[in-house]
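Reading the sequence shown from the start, the letters are residues 1 to 475 in full-length UniProt numbering.
All residues carry an ideal CB built from backbone N, CA and C; glycine is no exception.
What follows is a set of notes on a single structure, which appears directly below.
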Amino acid sequence: MNLNELTIEKAHQGLKKREFSSVELTETVLDRIKKRNKDINAYLTISEELALSQARKADKIIANGDKIGPLAGIPLAVKDAILVEGVRCTAASKILESYVAPYDATVIKKLRKAGAVFVGKTNLDEFTMGASGERSAFGPTKNPYDLDRVPGGSSSGSAAAVADNQCLAALGTDTGGSIRQPSSFCGVVGLKPTYGRVSRFGLIAHASSLDQIGPMAKTVEDARLLFNAIKGKDENDSTSVEYGDKEEMIDIKNLKIGVPKEYFVEGIDPEVERIVKEAITQYEKLGAKITEVSLPHTQYAVPCYYIIVPAEASANLARYDGIRYGLSEQSKDLLSGYLKTRQRGFGDEVRRRIMVGTYVLSAGYYDAYYLKAQKVRTLIKRDFDSAFEKNDVLMTPVSPTPAFKIGEKTDNPLAMYLADIYTVSLNLAGVPGLSLPCGKTASEGLPVGLQIIGRHFDEEKIFQVAEIYRQSKNN
Ligand code: GLN
Numbered sequence: 001m002n003l004n005e006l007t008i009e010k011a012h013q014g015l016k017k018r019e020f021s022s023v024e025l026t027e028t029v030l031d032r033i034k035k036r037n038k039d040i041n042a043y044l045t046i047s048e049e050l051a052l053s054q055a056r057k058a059d060k061i062i063a064n065g066d067k068i069g070p071l072a073g074i075p076l077a078v079k080d081a082i083l084v085e086g087v088r089c090t091a092a093s094k095i096l097e098s099y100v101a102p103y104d105a106t107v108i109k110k111l112r113k114a115g116a117v118f119v120g121k122t123n124l125d126e127f128t129m130g131a132s133g134e135r136s137a138f139g140p141t142k143n144p145y146d147l148d149r150v151p152g153g154s155s156s157g158s159a160a161a162v163a164d165n166q167c168l169a170a171l172g173t174d175t176g177g178s179i180r181q182p183s184s185f186c187g188v189v190g191l192k193p194t195y196g197r198v199s200r201f202g203l204i205a206h207a208s209s210l211d212q213i214g215p216m217a218k219t220v221e222d223a224r225l226l227f228n229a230i231k232g233k234d235e236n237d238s239t240s241v242e243y244g245d246k247e248e249m250i251d252i253k254n255l256k257i258g259v260p261k262e263y264f265v266e267g268i269d270p271e272v273e274r275i276v277k278e279a280i281t282q283y284e285k286l287g288a289k290i291t292e293v294s295l296p297h298t299q300y301a302v303p304c305y306y307i308i309v310p311a312e313a314s315a316n317l318a319r320y321d322g323i324r325y326g327l328s329e330q331s332k333d334l335l336s337g338y339l340k341t342r343q344r345g346f347g348d349e350v351r352r353r354i355m356v357g358t359y360v361l362s363a364g365y366y367d368a369y370y371l372k373a374q375k376v377r378t379l380i381k382r383d384f385d386s387a388f389e390k391n392d393v394l395m396t397p398v399s400p401t402p403a404f405k406i407g408e409k410t411d412n413p414l415a416m417y418l419a420d421i422y423t424v425s426l427n428l429a430g431v432p433g434l435s436l437p438c439g440k441t442a443s444e445g446l447p448v449g450l451q452i453i454g455r456h457f458d459e460e461k462i463f464q465v466a467e468i469y470r471q472s473k474n475n
């Protein structure tokens with residue numbers, strides 16, 4: 001096995017026993033990236049120098065005989081919407097093409113302290129807006145399982161890099177599915193944490209009331225390690241909170257799993273339905289109690305999301321004016337300077353969201369759209385609250401289809417939005433969800449993910465539930 005194919009857990013053991021060094025491990029990962037990047041396009045920036053200097057530092061600590069944490073010397077990838085001091089951060093947009101991050105995001109600060117190695121910044125849909133990875137200003141990312149297919153989005157590069165062994169694990173971000181859906185399409189484990197559990201400081205904002213940073217990894221245990229390293233309250237993000245995980249181990253025989261009926265309706269790919277239902281049956285065989293539940297406002301989730309998100313995005317993106325950050329088109333007066341910069345700098349989807357967002361917030365339309373969507377959001381949250389009164393977790397598909405073909409949805413924004421049908425509700429409600437690989441389609445061999453949804457702050461329970469499935473399949 002090549003070193004780049006290791007999990008974090010295995011690599012940590014190897015580093016501790018000095019079977020190999022972090023520099024060797026990092027070089028293997030960098031070689032893999034260089035070999036594969038022109039085909040997969042998972043990375044926008046390779047931070048070779050930084051990575052090697054971090055790896056040397058980790059090796060020194062190991063050589064000293066000092067104790068190391070689980071992420072010391074481990075090569076990670078970072079979605080290019082998260083700031084790493086001194087490294088370019090583009091958000092896959094022309095407007096930030098040559099922007100260099102002046103400080104570290106809080107999650108990056110934590111990972112640096114943990115001794116992690118940053119090999120590079122991964123590709124994404126511009127400003128994290130998309131569900132396929134095709135909306136990057138720097139070319140689409142390809143799915144390592146089939147280069148004619150999308151890896152999902154917006155954390156397209158992170159998912160493809162993990163699946164293709166171009167890193168050991170990665171950070172992604174999720175506003176409406178951007179960690180879970182590409183994880184599902186690329187057969188990796190991805191967690192969207194509870195809103196507020198991970199600091200957003202230093203994350204380029206899309207929709208601030210929904211954005212969360214989370215782990216994408218090869219195994220459940222690796223995702224847990226990475227999550228535990230980045231979570232926690234941060235004084236730079238007033239929405240972040242501290243939460244003490246309970247130590248208790250769950251007993252599968254007492255586990256109550258709710259299966260929302262609204263998630264298995266017309267439009268779902270029959271193979272996805274079969275694979276996800278088989279996974280749920282596996283839990284039943286292990287002793288869990290399965291009940292059908294209803295999340296009655298599910299049908300309003302996509303329209304509600306696509307009002308709230310553009311509204312917040314239009315406000316967040318007002319800062320890219322050609323004066324403070326990135327691209328700056330000179331012009332005879334201030335206004336035409338703004339217009340030219342934003343016209344040249346932003347791609348179609350970003351412009352669409354700014355226009356929709358500005359419209360739904362404007363006087364006269366605010367009540368009809370934005371305010372109404374906020375009310376619907378509350379109803380969606382209440383659906384989850386009542387489903388969790390009698391159930392510990394909920395299980396659904398992550399996406400109605402496996403990875404689709406490149407170009408299949410690019411001309412049809414509505415079809416692209418509908419790809420988010422099973423993921424956006426969780427962001428609106430603030431609850432955590434994990435995508436767990438649970439099988440491959442018989443026809444094309446494409447990965448399918450099971451979505452495990454928990455109550456607010458129940459990440460640890462979700463990890464345990466996911467791990468039970470994995471163990472039952474390995475035995
Ligand atoms: N596909 C969704 C969107 O385009 C989700 C994006 C995300 O989670 N960042 O908004």
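Ligand 1 approaches residue 131 closely enough that one of its heavy atoms is under 6 Å from the residue's Cβ. Burial check for residue 416: the Cβ neighbour count within 10 Å reaches 16 or more, so the residue is buried. Around the CB of residue 319, fewer than 16 other CB atoms lie within 10 Å, so the residue is classed as exposed. Following the DSSP letters along the chain, one finds residue 43 inside the beta strand (DSSP E) bounded by residues 43-46. Boundaries of the alpha helix (DSSP H) harbouring residue 461: 459-474, taken from the DSSP string.
Residue state for residue 170 is assigned as strand, using DSSP reduced to three classes.
In this model, residue 404 and residue 447 are separated by some 11 Å (Cα to Cα).
Within the same chain, and ignoring the five residues on either side of residue 103 in sequence, the residues whose Cβ sits closer than 7 Å to its Cβ are 83, 85 and 202. A Cβ-Cβ contact shorter than 7 Å links residue 396 with residue 263.
In this structure, the alpha-carbon of residue 8 lies about 19 Å from that of residue 60.
The three-state reading of DSSP puts residue 234 in strand, counting E and B together.
For residue 110, there is no enclosing beta strand (DSSP E); the enclosing alpha helix (DSSP H) has its first and last residue at 106-113. Counting only the Cα atoms, residue 184 lies some 23 Å from residue 290.
Remark: three or more beta-carbon pairs, one from each stretch, lie closer than 8 Å, so the region 87-105 and the region 136-147 are flagged as touching.
Here the C-alpha atom of residue 444 lies approximately 12 Å from the C-alpha atom of residue 272.
Residue burial is scored here from C-beta neighbours: residue 164 has at least 16 other C-beta atoms within 10 angstroms and is therefore classed as buried. DSSP places residue 425 within a helical segment (H, G or I) once states are collapsed to three. Residue pairing by DSSP leaves residue 54 without any beta bridge partner. For residue 214, the enclosing beta strand (DSSP E) covers residues 212-217.
Around the Cβ of residue 38, a 10 Å sphere holds fewer than 16 other Cβ atoms; the residue is exposed. Distances from the CA of residue 242 to each of 87, 207, 45 and 194 were compared; the closest alpha carbon is that of 194.
Its chain contains 257, 259, 290, 395 and 450 as the residues whose beta carbon lies nearer than 8 Å to that of residue 280, once the 5 sequence neighbours on both sides are disregarded; these appear in chain order. Given a length threshold of 4 residues, each whole run of the alpha helix (DSSP H) inside the region 284-329 is given here in chain order: 301-316.
The secondary-structure analysis by DSSP pairs residue 396 across a beta bridge with 451.
Per DSSP, the beta-bridge partners of residue 118 are 76. Using a cutoff of 6 Å, the CB of residue 175 counts as near ligand 1, since one of the ligand's heavy atoms is closer than that.
For residue 402, there is no enclosing alpha helix (DSSP H), since its DSSP letter is neither H nor E.
Taking C-beta atoms as the reference points, residue 161 and residue 188 fail to come closer than 7 Å.
Not one heavy atom of ligand 1 lies closer than 6 Å to the C-beta of residue 401.
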